[in-house]
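Peer 1: Just so we're aligned, residue 768 is where the sequence shown starts under the working numbering, counting upward by one.
So that we are looking at the same thing, I have put the structure below in structure tokens.
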Amino acid sequence: MADVLIAGGGPSGAAAAISGRLEGASVRVVERAKGPRHKVCGEFISPGAQEVLQELDVWNEFRSMRPCRIWRCALHLGKTTNRWTLPDCGWGLSRLQLDRILLEKAASLGAEVCRGTVFDGRQDSRTRIVLAGGRRPEGAVEDRLFGFKAHFEGPLDDAVELFFDECGYVGVSGVENGVTNVCGIAAESSLKKHGFEFDEFVRRSPVLAERLSPLRRRMPWIAVGPLSFSGSRTSTPPNVYMAGDRLGFIDPFTGSGILNALWTGRLAGLAAARGSSPQEYLRRCQSLMSRPFVISSVLRRLASHSEFHSFARYLPGRLLFRLTRANVAC
Ligand SMILES: Cc1cc2nc3c(=O)[nH]c(=O)nc-3n(C[C@H](O)[C@H](O)[C@H](O)COP(=O)(O)OP(=O)(O)OC[C@H]3O[C@@H](n4cnc5c(N)ncnc54)[C@H](O)[C@@H]3O)c2cc1C
């Protein structure tokens, strides 16, 4: 029987497993997927990830994959564009590689990794559990949201670009090997109008169609959903530490979900290995993440109003970018 059982082998679960092992606990990870796979994700990794990747001792593996270096951000709201440089270099790496590197690191440190195994909630009362299974299932909503993504080849850029309109948004940014990732979120009703044809959907906006014109799709579209955003948890059962999206799912336009997953996974792994109080762990996560969750939900509401789009060029992009990242300094 392991000291720490981790349900989910994504970034948060793998970060928890690595931290648990570095702390000397015996760790078992159960991951329902049989092997590494593409995931629907913008694959933008925030500046600030270097610190946690170094603490997890995977920074060299990460760099060896030659992730795209991202220095600029462009926000297109309707016909208005706001551009700024990032406070530090961000990164683009496919989830296929990121998730693989992290879970392989956990295994190399001695974590028992059980792929193709579903966590069914049963547990020994002495085992500490890290719940890292990703987004919580959503309740019923009127117009459900779906995410979609594909990789493209063609000229590479060092900007992460976000294109918002009344149907949703699409992000375009580089990953490794000169590949560009195109990933979006839209309401089911809008996707339905285009027969769920994502090529047609992403090219309906002239600005986005122009951005995509030199690119050629190199993999089939993949989709996920329904999606719903959830604030960070404030209570937890005994012996249970929730991490990553299971703890709280921030709107992906912030590009900060992976960073949150790595930090909360790391903290959950440490807390579980040491047997610290889950409530104390939650308080630490709250202090890291409450600000980005509040700011992102305000921005999401504003972006859905087209009257707001003409003011977009006056938005303090760099400041908002900083305010939607985890407050690691606190
Ligand atoms: C459309 C979209 C775009 C995004 N773009 C970005 C971006 O550009 N930048 C960014 O930082 N974030 C982005 N995110 C958010 C980011 O993907 C998540 O925050 C991140 O994946 C969270 O990691 P996690 O480990 O908590 O969850 P996940 O990555 O979802 O991993 C959970 C793992 O648990 C496994 N699992 C689930 N249930 C069980 C079970 N019962 N038993 C065993 N295993 C189980 C799953 O197979 C999965 O591998 C985006 C999200 C979406 C939906």
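Just so it is clear, CB atoms sit at the ideal spot from N, CA and C, and this is done for glycine as well.
1) Cβ atoms of Val942 and Leu860: under 8 Å apart, would you say?
2) Indicate the three-state DSSP secondary structure (helix, strand or coil) for Thr1021 in the structure shown.
3) Could you tell me how far apart the beta carbons of Ala899 and Ala1079 are, in whole angstroms, since I believe they sit closer than 8 Å?
4) Quick one: what does DSSP say Glu828 is sitting in, helix, strand or coil?
5) Does the beta-carbon of Ile952, which I'm using as the reference point, lie nearer than 7 Å to any heavy atom of ligand 1?
6) Candidates His843, Gly1024, Asp925, Leu823: which alpha carbon is nearest Val974's?
7) Can you list, in chain order, the residues of its chain whose CB lies under 6 Å from that of Gln864, leaving out five sequence neighbours each side?
8) If you compare alpha carbons, which of Thr894, Cys950, Asn944, Gly945 is closest to Val937?
9) Thinking C-alpha only, which one of Leu958, Phe886, Arg1089 is nearest Leu912?
10) Using only alpha-carbon positions, find the residue among Pro981, Thr1021, Glu1047 that is nearest to Val1061.
11) Report yes if the C-beta of Asp770 is less than 7 Å from at least one heavy atom of ligand 1; otherwise report no.
12) With distances taken Cα to Cα, identify the nearest neighbour of Pro1083 among Pro778, Lys846, Ala816, Trp851.
13) Below 7 Å, is the gap between the Cβ of Cys808 and the nearest heavy atom of ligand 1?
14) With 16 as the cutoff for other CB atoms within 10 Å, does Glu798 come out buried or exposed?
15) Taking the beta strand (DSSP E) that His918 falls in, what are its first and last residues?
16) Assign Asn948 to buried or exposed, taking buried as 16 or more other Cβ atoms, counted over all protein chains shown, within 10 Å of its Cβ.
17) Does the distance from the C-beta atom of Gly921 to that of Arg983 stay below 8 Å?
18) In chain order, what residues of the same chain lie with their CB nearer than 6 Å to the CB of Gly1024, ignoring the 5 residues before and after it?
19) Measuring only from the beta carbon, is Glu798 closer than 7 Å to any heavy atom that is part of ligand 1?
20) Return the first residue and the last residue of the alpha helix (DSSP H) that Phe1088 is part of.
21) Go ahead and pull the three-state DSSP assignment for Trp851.
22) So is the beta-carbon of Ala1019 under 7 Å away from any non-hydrogen atom of ligand 1?
Peer 2: Let's see:
1) Against a cut-off of 8 Å, the Cβ pair of Val942 and Leu860 comes out as a contact.
2) Of the three classes helix, strand and coil, the one that applies to Thr1021 here is helix, per DSSP.
3) Contact annotation, Ala899 with Ala1079: C-beta distance approximately 35 Å; criterion of less than 8 Å not satisfied.
4) Residue state, collapsed to three classes: helix.
5) Remark: the shortest separation between the CB of Ile952 and any heavy atom of ligand 1 falls under 7 Å.
6) Ranked by Cα distance from Val974, the first of His843, Gly1024, Asp925, Leu823 is His843.
7) Contacts found: Met832.
8) Of the listed residues, the one whose Cα sits closest to Val937 is Cys950.
9) Out of Leu958, Phe886, Arg1089, the CA that lies nearest to the CA of Leu912 is found in Leu958.
10) Looking from the CA of Val1061, the closest CA among Pro981, Thr1021, Glu1047 belongs to Thr1021.
11) For ligand 1, not one heavy atom lies less than 7 Å from the Cβ of Asp770.
12) Per the Cα distances, Trp851.
13) Within the cutoff, so yes.
14) Under this definition Glu798 is a buried residue.
15) From DSSP, the beta strand (DSSP E) with His918 extends over 912-920.
16) With 16 or more Cβ atoms within 10 Å of its Cβ, Asn948 is classed as buried.
17) Yes.
18) The residues are Ile1017.
19) In this structure, Glu798 has its beta carbon less than 7 Å from a heavy atom of ligand 1.
20) Residues 1084-1090.
21) In the structure shown, Trp851 sits in a strand (DSSP, three-state: E or B).
22) Correcting the residue type first, residue 1019 is Pro in the shown sequence and not Ala. Yes.
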